[in-house]
Every structure is written in structure tokens, then in C-alpha cells.
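Below is one structure, written out as C-alpha cells; comments come after it.
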Amino acid sequence: MASPANGALERYKSAITAATSVVGAAMLLRRLVADVLPAGAPPLVGALLLLPPPSARRHAVVIEEFDGAFYNRVFLAARAYVSTLLAAAPTGAPPVVKASLPRGAGAEQITLAMRPGTTVVDVFRGAELTWRLSGGGGGRRRADGSAGEAFRLSFDARHKDVALGAYLPFVMARVEAMAREQRQAKLYSNEWGKWRPVRLRNASTFATLAMDAEMRQDVVDDLDMFLGRKEYYERTGRAWKRGYLIHGPPGTGKSSLVAAISNHLHFDVYDLDLGAVRSNTELRKLLIRMKNRSILLVEDVDCALAAAPRREADGGSDGSIPASKHHKVTLSGLLNMVDGLWSSSGHERILIFTTNHMDRLDPALLRPGRMDRHIHMGYCGFGAFRELAATYHGVGDHPLFPEIEALLREVDAAPAELAERLLATDDAGAALESAARLLRDRKAGVEEDGGGYVKQKLHAGPRRPRLRPVPVPAPGRGRGASAARRVVFDEEILLGVSRRQGRGSGRRGRGAGVRAPGRGRR
Ligand SMILES: Nc1ncnc2c1ncn2[C@@H]1O[C@H](COP(=O)(O)OP(=O)(O)OP(=O)(O)O)[C@@H](O)[C@H]1O
1 MASPANGALE RYKSAITAAT SVVGAAMLLR RLVADVLPAG APPLVGALLL LPPPSARRHA
61 VVIEEFDGAF YNRVFLAARA YVSTLLAAAP TGAPPVVKAS LPRGAGAEQI TLAMRPGTTV
121 VDVFRGAELT WRLSGGGGGR RRADGSAGEA FRLSFDARHK DVALGAYLPF VMARVEAMAR
181 EQRQAKLYSN EWGKWRPVRL RNASTFATLA MDAEMRQDVV DDLDMFLGRK EYYERTGRAW
241 KRGYLIHGPP GTGKSSLVAA ISNHLHFDVY DLDLGAVRSN TELRKLLIRM KNRSILLVED
301 VDCALAAAPR READGGSDGS IPASKHHKVT LSGLLNMVDG LWSSSGHERI LIFTTNHMDR
361 LDPALLRPGR MDRHIHMGYC GFGAFRELAA TYHGVGDHPL FPEIEALLRE VDAAPAELAE
421 RLLATDDAGA ALESAARLLR DRKAGVEEDG GGYVKQKLHA GPRRPRLRPV PVPAPGRGRG
481 ASAARRVVFD EEILLGVSRR QGRGSGRRGR GAGVRAPGRG RR
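Numbering (UniProt numbering), first residue to last: 1 to 522.
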């Protein structure tokens with residue numbers, strides 16, 4: 001039976017908080033003794049008698065919604081964390097009485113919340129921790145006039161160190177990670193010297209990207225290692241950044257890989273169109289305005305930089321063109337800025353260049369140590385094809401597979417082309433037959449019907465600057481030679497990319513796309 005002493009004890013036990021100072025605790029103790037002992041009893045004895053054994057003592061932390069004039073971040077984190085406890089709680093345990101869909105585009109998760117006066121229990125490293133929500137008293141009120149609320153986290157006195165030293169930091173870190181996971185990455189592109197955000201809609205992830213399994217794991221490991229090495233970068237004084245050069249023919253998934261990296265890390269992508277950057281000063285401003293935990297992407301870097309002749313922004317090494325801040329940016333200008341101010345003004349940054357033409361890149365980009373990793377996205381191998389078939393149709397095996405496997409050994413086909421065929425119908429058999437027909441036709445050198453992905457790319461091309469025709473001087477005469485080379489390259493973009501891929505000229509004749517010996521694939 002509960003004695004008056006026990007009742008009083010319970011009342012006071014619940015009033016002891018971890019935040020209570022020594023003085024506060026002493027005052028509480030005095031009041032407690034005065035309440036339950038007859039007047040005149042020696043206070044020390046009373047205290048000793050009344051103090052519960054250490055195992056029964058509770059401590060509590062009170063976390064109020066407002067911290068002065070501002071929202072208390074610990075309260076917001078506690079509310080988000082408690083929502084996950086409610087979602088995971090077995091049926092019957094604590095009554096969930098509030099469910100809401102947070103406002104804002106992209107909010108897809110229903111949030112569960114406690115009503116004031118209810119509790120939920122969590123267990124962490126063997127310690128039992130009780131969250132109780134209470135209605136707000138005085139202090140700052142919310143915008144709608146209602147009073148703020150407060151969480152009271154109580155725990156056994158023995159678990160004070162776990163609760164304060166490990167559990168609360170765990171809650172904060174967990175909520176931070178959840179926010180990162182739920183956050184939709186943004187894509188920024190530069191326009192008139194400013195970054196304009198658009199929501200990144202590319203849903204490509206490492207799970208949907210068909211690529212060599214080992215290479216995929218390698219890239220994921222590299223990214224995870226990069227993320228987890230804060231201490232290493234600080235200790236060694238190195239900039240916390242990483243550079244990837246992604247190369248391969250059109251439609252092999254280079255842009256999709258960038259999206260997968262962004263989705264994996266929850267990093268925003270800053271898609272830098274160098275052709276739209278009017279000066280080095282503008283480039284510097286753009287780089288400075290990038291946030292941390294972001295990706296700087298330069299697509300088709302061979303073309304992007306071909307449009308900005310090196311000698312101009314280098315200050316006219318031949319003396320003919322004076323250095324000016326208004327000159328176009330160059331590779332060396334970009335790399336210097338990336339190494340300099342970009343690296344020192346932020347952290348957790350990834351630089352990605354993509355190209356369809358490794359052979360056209362400035363050697364400065366290829367020299368050892370410049371980019372940390374070179375990633376080759378090749379034509380579709382059978383492993384990648386199986387992944388596409390599984391992703392799009394849930395098919396793990398099919399009678400057409402042996403034929404497709406043999407054909408993929410003989411002809412080049414970009415994953416984009418095969419994905420296009422597989423996505424054309426919901427009927428798995430018909431889709432696989434269509435993909436097989438593409439490969440058979442290509443092997444036979446028969447012109448494909450319709451506008452396949454790679455064909456469209458060859459005609460429309462990705463964001464390629466048009467080069468003005470430059471008179472072709474006699475071969476081997478200084479600067480003119482490189483200009484002439486650029487024009488030839490431009491012709492190749494329009495006509496001859498397929499030639500590079502062993503498919504004859506722009507008009508596909510017999511034998512087009514049949515694999516040249518020794519070409520790599522995934
Ligand atoms: N490896 C792949 N796995 C899954 N889908 C792919 C893959 N490669 C390409 N695709 C599909 O093809 C489309 C085009 O691919 P993507 O733009 O990533 O290729 P790319 O190599 O960047 O091409 P380009 O060089 O022409 O820009 C994607 O939207 C995607 O659906």
C-alpha cells in the first residue's frame with residue numbers, strides 16, 4: 001500500500017531533474033524531508049532514510065520548445081526522433097494521436113506526434129529512457145498563439161552518463177542523418193552569373209544504374225570513404241574534396257551516374273555551363289557561392305573548354321592578347337580556382353568532369369593526381385543488360401538471354417538504347433524481343449527504325465558549343481594546327497562519333513556497330 005511518505009517521495013522524485021544544480025538538489029531534499037518527517041527529526045537522518053536506493057532514482061532532462069526567442073533545436077530533434085519511435089512502436093503501445101503531413105513540396109512522409117501528457121519509452125544500450133510530452137506553460141508562444149510544449153526525458157540515475165553522454169548525441173546525429181536522407185538534392189545551373197536552383201528529378205540510383213557490379217561497389221566505397229574521412233582531411237591539412245572524371249560513349253550512363261552519386265550522398269549538383277561564364281571573375285563568384293556538401297559538374301568538358309581558347313584567359317602568353325578579367329575562362333583558370341579558393345572556402349565537395357572523348361582532353365586534366373578517379377562507362381555487357389531487364393521488368397532469366405548475351409559480345413549497344421527498347425512496353429517478352437532485334441539488326445548492319453538514343457544524340461548532341469569554321473592552314477604551323485584540329489573534331493561530332501565507335505560513317509551501312517576487336521564493355 002502506498003504510504004503518505006511514499007506518495008510524497010514519488011512526487012519529489014519526479015521533480016528532480018538532471019539539470020538541477022547542487023544547490024537546487026539540496027533545497028529539494030530539505031523540502032522533501034520537511035514534508036514527510038515529523039517536525040524536529042534530525043534532517044540528515046531523514047534524508048538518509050528517505051533517499052531511495054540509487055537504482056530507483058530517476059533523473060530527467062527538460063527540453064522546452066523555445067530557447068528564449070528562438071526554437072530550441074534539441075526540441076525539434078527530439079520531436080522528429082520521437083516520431084520514429086512512435087512509428088516503430090508495437091500496436092497498442094503508446095496511443096498515437098496526431099499524424100500530419102508536413103507542408104512543403106516533396107514532403108512525402110507522414111509525421112507521427114505525441115499528445116501532451118503521453119509517454120513513449122526507448123531502450124538504448126540497456127538503459128530505459130522515457131519521453132513525456134507536456135503542454136506548454138508560459139514563455140514564448142507559437143505564431144498561432146498556442147503555448148509551446150516541452151519534452152521531459154527521464155531515466156534511471158545509474159544511466160545518467162549514457163543518457164547525457166551518448167543517447168542525446170545519438171538522437172541529434174540520427175535526426176541529422178534522417179534530414180539528410182529525406183532531403184531532395186537540388187540541381188543548380190548558372191545563368192547570368194548566378195546559380196538558379198531546380199529540383200533534381202533524376203531518380204537514378206546505384207540500384208537502378210546498370211553497371212559492372214565490382215565497379216559500382218568500388219565507386220560507392222570510394223564515396224563512403226570520402227564522406228567518413230573528415231578527421232583524415234583535417235589532420236593532413238588537405239582540402240576535403242574529391243575529383244572524378246567519368247568518360248564513355250553517349251548513352252552509357254555518365255549523367256545517370258552523377259545523379260546516382262548525388263542521390264547517394266544527398267549532395268546538391270552545381271551544373272556549370274562554362275560557355276555561359278563570361279569571365280574569370282564571374283567563375284570565381286560562382287565557385288564561392290557554392291554550398292558545402294555539393295558536386296561541381298562540368299559535362300562534356302572537352303567541348304566546354306574548346307569554346308574558351310586557352311591563350312586568352314591565360315593572359316596571352318604570346319603577348320598578343322593582354323590579360324583581362326573579361327576574358328573567357330579556360331581549363332587552367334578553372335583548375336587553379338578549384339585548387340585554390342574553391343578548396344579552401346568549403347568542404348565536402350566533389351568535382352566531376354564528364355566526356356565522351358578522353359582523347360580530346362587537355363593533358364593537364366589527365367596528369368596523375370589531377371582527378372582522383374577515372375570512371376569508364378562502357379557499352380552494355382550482359383551483366384548490365386540483366387540488371388536493366390530486372391529493374392524494368394523484374395525478369396531474372398529468359399529464353400532470349402543466351403542469344404542476347406552472344407550478341408552483346410559482338411556488337412556495341414549503349415545501355416540507353418537498350419533501356420529505350422525495354423521501356424517501350426510493359427510486356428517483358430515483347431520488350432526483350434525488341435532489344436534482341438536491335439542487336440540482331442546492328443550485327444547485320446541493317447539501319448535501325450525510329451530514332452534511337454545514340455542516334456538522336458549524334459544529331460542533336462549534348463550542349464555542344466558550335467565552333468566557328470577556322471581556315472585550315474598547312475599542317476604543323478603553330479597555333480593554326482590546333483584550330484584546324486578543333487574543326488575536324490567538330491566534324492567528328494556530327495558525323496564521326498560512330499566512326500570512333502566502329503560503326504562506319506553517319507549513315508549506317510553494313511557492319512555498323514559490330515564490335516572492333518578488344519573494345520571494353522560492362
Ligand atoms: N548504365 C545505365 N543504366 C541504366 N540506365 C541507363 C544507363 N545508361 C543510360 N541509361 C538510360 O539512358 C538515359 C540516358 O543516359 P545518360 O544521360 O546517363 O547517358 P550519358 O552517358 O550521360 O549520355 P551523353 O554522353 O549522351 O550525355 C538515362 O536516362 C537512362 O534512363
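Note that CB positions come from ideal geometry on N, CA and C, so glycine has one too.
Check whether the Cβ of residue i sits closer than 7 Å to any heavy atom of ligand 1, and report yes or no.
i: Pro415; result: yes
i: Ala210; result: yes
i: Met114; result: no
i: Gly251; result: yes
i: Lys194; result: no
i: Ala419; result: yes
i: Lys254; result: yes
i: Met225; result: no
i: Leu76; result: no
i: Gly297; result: In the sequence as displayed, the identity of residue 297 is Leu instead of Gly. Flag unset: Cβ of Leu297 not near ligand 1.
i: Ala431; result: no
i: Met377; result: yes
i: Leu331; result: no
i: Gly68; result: no
i: Ala384; result: yes
i: Asn356; result: yes
i: Gly248; result: yes
i: Leu85; result: no
In whole angstroms, what separates the C-alpha of residue i from that of residue j?
i: Thr130; j: Asp222; result: 40 Å
i: Met371; j: Ala166; result: 39 Å
i: Phe438; j: Val277; result: Going by the sequence as given, residue 438 is Leu instead of Phe. Roughly 41 Å between the two C-alpha positions.
i: Thr205; j: Ile261; result: 7 Å
i: Asp156; j: Glu128; result: 7 Å
i: Arg486; j: Arg360; result: Low confidence applies here, because Arg486 scores a pLDDT of 25, under 50, leaving its location unreliable and the question unanswered by this model.
i: Val301; j: Leu272; result: 10 Å
i: Arg440; j: Leu407; result: 7 Å
i: Met225; j: Glu348; result: 12 Å
i: Ile288; j: Leu388; result: 39 Å
i: Ala150; j: Arg57; result: 22 Å
i: Leu85; j: Val220; result: 30 Å
i: Leu265; j: Val61; result: 34 Å
i: Leu115; j: Asn72; result: Leu is not the amino acid found at residue 115; the sequence shown has Arg there. In a straight line, the C-alpha of Arg115 is about 19 Å away from that of Asn72.
i: Gly340; j: Lys291; result: 16 Å
i: Ala364; j: Leu334; result: 11 Å
i: Ala163; j: Leu423; result: 52 Å
i: Phe382; j: Lys241; result: 34 Å
i: Met377; j: Gly253; result: 7 Å
Quick one: what does DSSP say residue i is sitting in, helix, strand or coil?
i: Thr111; result: strand
i: Ala69; result: coil
i: Phe170; result: helix
i: Ala307; result: Residue confidence is low: Ala307 scores 48 on pLDDT, short of 50, so the model does not pin down where it sits. Its coordinate-derived value is still stated next. Coil.
i: Asn190; result: strand
i: Glu417; result: helix
i: Glu234; result: helix
i: Arg154; result: Before going further, note that residue 154 is Ser rather than Arg in the sequence given. It is a strand residue.
i: Val277; result: coil
i: Ala163; result: helix
i: Glu348; result: coil
i: Phe206; result: coil
i: Val61; result: strand
i: Val301; result: helix
i: Thr355; result: strand
i: Val338; result: helix
i: Val329; result: coil
i: Pro116; result: coil
i: Arg367; result: coil
i: residue 523; result: Nothing can be reported for residue 523: it is not among the residues displayed for the chain, which extend from 1 to 522.
Which residue marks the beginning of the alpha helix (DSSP H) containing residue i, and which one marks its end?
i: Arg284; result: Asn280 to Ile288
i: Asp218; result: Ala213 to Leu227
i: His393; result: Phe382 to His393
i: Arg373; result: No alpha helix (DSSP H) contains Arg373, which is instead part of the beta strand (DSSP E) from Arg373 to His376.
i: Val446; result: From DSSP, Val446 is part of no alpha helix (DSSP H); its letter is neither H nor E.
i: Arg147; result: According to the sequence shown, residue 147 is Ala rather than Arg. From DSSP, Ala147 is part of no alpha helix (DSSP H); its letter is neither H nor E.
i: Val411; result: Counting along the chain, Val411 falls outside any alpha helix (DSSP H), and DSSP gives it neither H nor E.
i: His264; result: Lys254 to Leu265
Can you give me the start and stop residues for the beta strand (DSSP E) that residue i sits inside?
i: Asp271; result: Asp268 to Asp271
i: Ser294; result: Ser294 to Val298
i: Ala127; result: Ala127 to Ser134
i: Lys241; result: Lys241 to His247
i: Phe124; result: Thr119 to Phe124
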